[in-house]
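S.K.: Residue numbers (this note's numbering): 10 to 82.
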Amino acid sequence: MTKDGTQTVWLGPDVVRFAVLCEACLAECAPKEGRYATVLEGELPLARSREAATCPHGHTLEIVRVSATRRAA
Ligand SMILES: [Zn+2]
Ligand SMILES: [Zn+2]
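#1: Using DSSP with H/G/I as helix, E/B as strand and the rest coil, what is residue 30?
#2: For residue 56, count neighbouring C-beta atoms within 10 Å of its own C-beta (all shown protein chains included) and say buried if the count is 16 or more, exposed if not.
#3: Cutting at 6 Å between CB atoms, please list the residues of its own chain near residue 33, excluding the five before and the five after it.
#4: Would the beta-carbon of residue 46 fall within 8 Å of that of residue 70?
#5: So for residue 53, helix, strand or coil by DSSP?
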């Protein structure tokens, strides 16, 4: 998590669908509400390299696809 609270989620070059735990929910909501942290599910089309996402509790996440350049070499 960065200083402003945005979490970065890294996806592999071929990964489209993702399901990640919201770390902010893990830290803030789970202890208070006694339940599991929010799982954020979504898709990042292969044509896109990054996208902003928001968990149901309003935390900001950035979905970033790692470059496939190295693998192609
Ligand atoms: Zn939450
Ligand atoms: Zn959250």
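Built from N, CA and C at the ideal position, the CB exists for glycine as well.
Quick caveat, the model's predicted, so the values are computed rather than measured.
M.R.: By the coordinates alone:
#1: strand
#2: exposed
#3: 68
#4: no
#5: coil
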